[in-house]
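A.B. asks: For the sequence shown, my numbering assigns the number 1 to the initial residue and increments by one for each residue that follows.
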Amino acid sequence: MTLEAYQKEAQKTALYPEAYRLLYPTLGLVGEAGELANKVKKVLRDQGGNLTEEVREALVAELGDVLWYVAQVATDLGVSLEEVAQKNLAKLRSRQARGQLGGSGDNR
Ligand SMILES: [Mg+2]
């Protein structure tokens, strides 16, 4: 499946009101990222960092939820996931070429 196909299909399942465009999926993205982080935290707390297949599947599901909200934020911004991915890689390659992958700051 391509990013474009995923974004199109995901859009068909977006039910939030037009008035909440961008805000709704942004809040959802943060919520789902939190769910993912919490499950990873519990792997550390309860399983000594050992990832069982059951937990791995649960993490994959949460990652899918994150992806859905990323797709909706992109849709509400009027940008394709493909463009988001390409621009992100271009940014990282530029930083890599300039020896700036480490460190901090959005515009390095
Ligand atoms: Mg979830």
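By construction, the Cβ of each residue, glycine as well, lies at the ideal position given by its N, Cα and C atoms.
1) Measure how close the beta-carbons of L29 and V84 come, nearest whole angstrom, since I'm counting them as under 8 angstroms.
2) Rounded to the nearest angstrom, what separates Q100 and L36 at their Cα positions?
3) Exposed or buried, D106, counting other C-beta atoms within 10 Å across all chains shown (16 or more means buried)?
4) Could you give the DSSP three-state label for D106: helix, strand or coil?
5) Measuring only from the beta carbon, is R65 closer than 6 angstroms to any heavy atom that is part of ligand 1?
6) With contact counted as at least three CB pairs below 8 angstroms, one residue from each stretch, are the region 4–24 and the region 45–59 in contact?
7) Just verifying my parser: in three-state terms, what is the DSSP assignment at A14?
8) Spatial neighbours of Q96 within its chain, please: CB distance less than 7 angstroms, with the 5 preceding and 5 following residues excluded, ordered by chain position.
C.D. replies: On the basis of the supplied data:
1) Rounded, the Cβ-Cβ distance is 13 angstroms, inconsistent with contact.
2) Between the alpha carbons of Q100 and L36 lies a gap of roughly 28 angstroms.
3) Burial call: exposed.
4) Coil at D106, not helix or strand.
5) Contrary to the premise, residue 65 reads as Asp rather than Arg in this sequence. In this structure, D65 has its beta carbon less than 6 angstroms from a heavy atom of ligand 1.
6) Using a Cβ-Cβ distance cut-off of 8 angstroms, the region 4–24 and the region 45–59 are not in contact, since fewer than three pairs of beta carbons, one from each stretch, lie closer than that value.
7) Correct three-state label for A14: coil.
8) Closer than 7 angstroms at Cβ, skipping near neighbours: no residue.
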